[in-house]
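Q: Residue numbers (mature numbering (1 follows the signal peptide of the UniProt record, and there is no 0)): -17 to -1, 1 to 323. From the three backbone atoms N, C-alpha and C, an ideal C-beta is built for every residue, glycine too. Take a look at this one; I'll ask things after.
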């Protein structure tokens, strides 16, 4: 199988690859893309190279080979590649009308520099062939001869397929490569003033209320990058460092919902009680501090891409990525006779 890819740049880079599958002697693979018809039978888009130059044309069982135009003649080859369009493709394919003089719209399926897939209507039948920008036209074979059309051909255009959401699961962390970096600076998260206006020392219990915050993100690496802003569900545990053995381990599995490219942020309000022994006629300030920890862990996972243009249509990818985590750690309580 041969992949030829279109890169669409937006908030993130999306890779959409056409799938060309090798075949021979008029046979075509499953999900072969129909380019036209001949003698009552569908013809499919095929390609092969002739003297080092790629060409595209038509194939079916009756033809027995891939027919392409090259130079001033029509040629055929019994071994070729066929364009396929499976239900899980991350792109759409459609023909656009109204083009001529070698011009094509953005996203036209390319088989080489300045050479594109197109079709032309001849005697009521569509015939697939090649558009050559340098030669200002469309080239195809018909009834064993090579023809050229200056206008009226239809380029085959590939566009990104609309996506409903992503689901990420089967997450396997590489804990041997996990890292945690703790900031050297302490930050204040709660403070309370305690007064003793009596002439006697006293003990009191101070309750410090604060909010614990952590953020999580699973970002893909490699050639396929998910579209930023799309709804995403991750079914996974969270890597932690600590426990009785002070090693890396994986927390319980939960489902996290967020928009891809953004962090999943979790907040929890809690409190901590401190007993303070206070001198007479004194003011004390009880504070709680923390340090910020940043975690990075490589992972492998499966991504399910659910499309919105066809209910129940989806595709699976095996991906690699990095889990990022920012959380609070190293909590300490301080008692001071003045505000810090």
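Counting pairs of beta carbons, one from the segment 50 to 65 and one from the segment 28 to 39, are three or more of them closer than 8 Å?
A: With the cut-off at 8 Å, the segment 50 to 65 and the segment 28 to 39 touch.
Q: Classify residue 141: buried if its beta carbon has 16 or more other beta carbons within 10 angstroms, exposed otherwise.
A: As a position in the chain shown, residue 141 is number 158, starting the count at 1. Its Cβ being crowded by 16 or more others within 10 Å, residue 141 is buried.
Q: Per DSSP, residue 271 forms a beta bridge with which residues?
A: For the purposes of this step, residue 271 is taken as residue 288 along the chain shown, with counting starting at 1. DSSP, once it has assigned bridges, lists 173, 316 as partnering residue 271.
Q: I'd like the ranges of any beta strand (DSSP E) spanning at least 3 consecutive residues and lying wholly in the segment 108 to 160.
A: You should have 108 to 115, 120 to 125, 128 to 132, 134 to 143, 146 to 156.
Q: What are the boundary residues of the beta strand (DSSP E) that residue 197 is part of?
A: Taking the first residue of the chain shown as position 1, residue 197 is located at position 214. Run containing residue 197: 185 to 204, per the beta strand (DSSP E) assignment.
Q: Are the Cβ atoms of residue 306 and residue 149 separated by less than 8 Å?
A: What you label residue 306 is simply residue 323 of the chain shown in a count that begins at 1. What you label residue 149 is simply residue 166 of the chain shown in a count that begins at 1. For residue 306 and residue 149, no; Cβs fall outside 8 Å.
Q: I'd like to confirm the pairing. Which residues does DSSP put opposite residue 216 in its beta bridges?
A: In the chain shown, the residue the question calls residue 216 occupies position 233. 150, 240.
Q: Between which residues of its own chain and residue 22 is the CB-CB distance below 8 Å, once the five residues before and five after are set aside?
A: Stepping through the chain shown from its first residue, residue 22 is reached at position 39. If we look at residue 22 and ignore the five residues flanking it on each side, its Cβ neighbours are 45.
Q: Decide if the segment 268 to 279 is in contact with the segment 235 to 247; the criterion is three or more beta carbon pairs, one per stretch, under 8 Å apart.
A: Touching, no, given that fewer than three Cβ pairs across the two stretches are closer than 8 Å.
Q: Give the range of the beta strand (DSSP E) segment to which residue 54 is assigned.
A: Against the chain shown, residue 54 aligns to sequence position 71. Taken as a continuous stretch (DSSP letters only), residue 54 belongs to no beta strand (DSSP E), as it is neither H nor E.
Q: Which residue marks the beginning of the beta strand (DSSP E) containing residue 233, and which one marks its end?
A: Mapped onto the chain shown, residue 233 falls at position 250. That run of the beta strand (DSSP E) goes 230 to 233.
Q: Spatial neighbours of residue 316 within its chain, please: CB distance less than 6 Å, with the 5 preceding and 5 following residues excluded, ordered by chain position.
A: For the purposes of this step, residue 316 is identified with residue 333 of the chain shown, where counting begins at 1. Within the same chain, residue 316 has close Cβ partners 257, 271.
Q: If you draw a straight line from the C-alpha of residue 77 to the C-alpha of residue 139, how long is it?
A: By 1-based counting over the chain shown, the position of residue 77 is 94. By 1-based counting over the chain shown, the position of residue 139 is 156. Taking the straight line from one Cα to the other gives about 6 Å.
Q: How close, in whole Å, do the beta carbons of residue 8 and residue 47 come, if the pair is a contact with beta carbons under 8 Å?
A: As a position in the chain shown, residue 8 is number 25, starting the count at 1. As a position in the chain shown, residue 47 is number 64, starting the count at 1. Contact holds; Cβ gap of about 6 Å.
Q: Tell me whether residue -17 sits in a helix, a strand or coil according to DSSP, three-state version.
A: As a position in the chain shown, residue -17 is number 1, starting the count at 1. For residue -17, the predicted model reports a pLDDT of 44, less than 50, meaning its position is unreliable; a value from the coordinates is still stated below. Coil, per DSSP.
Q: Quick check on residue 43: does DSSP put it in helix, strand or coil?
A: Walking along the chain shown from the start, residue 43 turns up at place 60. In the structure shown, residue 43 sits in coil (DSSP, three-state: anything other than H, G, I, E or B).
Q: Please classify residue 276: does DSSP put it in a helix, a strand, or coil?
A: As a working note, residue 276 is residue 293 in the chain shown. Note: residue 276 maps to strand in three-state DSSP.
Q: Hey, how far is the Cα of residue 223 from the Cα of residue 288?
A: Locating residue 223 in the chain shown gives position 240, where the first residue counts as 1. Locating residue 288 in the chain shown gives position 305, where the first residue counts as 1. Distance between the alpha carbons of residue 223 and residue 288 is about 28 Å.
Q: On the premise that residue 63 lies in contact with residue 84, defined as a C-beta separation below 8 Å, what is that separation, rounded to the nearest angstrom?
A: Reading the chain shown from its first residue, position 101 is the one you call residue 84. Reading the chain shown from its first residue, position 80 is the one you call residue 63. Wrong, their Cβ atoms sit about 28 Å apart, outside the cutoff.
Q: Please name the residue, chosen from 109, 128, 110, 93, that lies closest to residue 116 on a Cα-to-Cα basis.
A: The residue labelled residue 116 in the question sits at position 133 within the chain shown. Checked all of 109, 128, 110, 93; the closest Cα to residue 116 is 93.
Q: Could you check what DSSP says for residue 95 in three-state terms: helix, strand or coil?
A: As a first step, residue 95 must be located in the chain shown, where it is residue number 112. Three-state DSSP puts residue 95 in a strand.
Q: Check each candidate in 286, 32, 293 and name the one with the smallest Cα separation from residue 304.
A: Sequence index remark: in the chain shown, residue 304 carries index 321 (1-based). Of 286, 32, 293, the residue nearest in Cα terms is 286.
Q: How long is the line joining the alpha carbons of residue 5 and residue 244, rounded to whole angstroms?
A: As a position in the chain shown, residue 5 is number 22, starting the count at 1. As a position in the chain shown, residue 244 is number 261, starting the count at 1. When rounded, the distance between both Cα atoms is 37 Å.
Q: So, under 8 Å CB-CB, residue 151 and residue 284 are touching, yes? Tell me the CB distance rounded to an integer number of Å.
A: One-based indexing of the chain shown puts residue 151 at position 168. One-based indexing of the chain shown puts residue 284 at position 301. Contact flag correct, Cβ pair sits at about 5 Å.
Q: Apart from the five residues on each side of it in sequence, which residues of its chain come closer than 7 Å, Cβ to Cβ, to residue 293?
A: To locate residue 293, count along the chain shown from 1; it is residue 310. No residues qualify anywhere along the chain.
Q: Looking at C-alpha atoms only, which residue of 312, 309, 299 is the closest neighbour of residue 70?
A: Here residue 70 corresponds to residue number 87 of the chain shown, with the count starting at 1. Ranking the options by Cα distance to residue 70, first place goes to 299.
Q: From the DSSP output, in three-state form, read off residue 5 for me.
A: As a first step, residue 5 is located in the chain shown; it is residue number 22 there, counting from the start. It is a strand residue.
Q: Is any heavy atom of the ligand COA found at a distance shorter than 7 Å from the C-beta of residue 68?
A: Among the ligands in the structure shown, none appear at all, so the ligand COA cannot be discussed.
Q: Would you report the Cα separation of residue 162 and residue 216, rounded to the nearest angstrom?
A: In the chain shown, counting from the first residue as 1, residue 162 sits at position 179. In the chain shown, counting from the first residue as 1, residue 216 sits at position 233. Taking the straight line from one Cα to the other gives about 24 Å.
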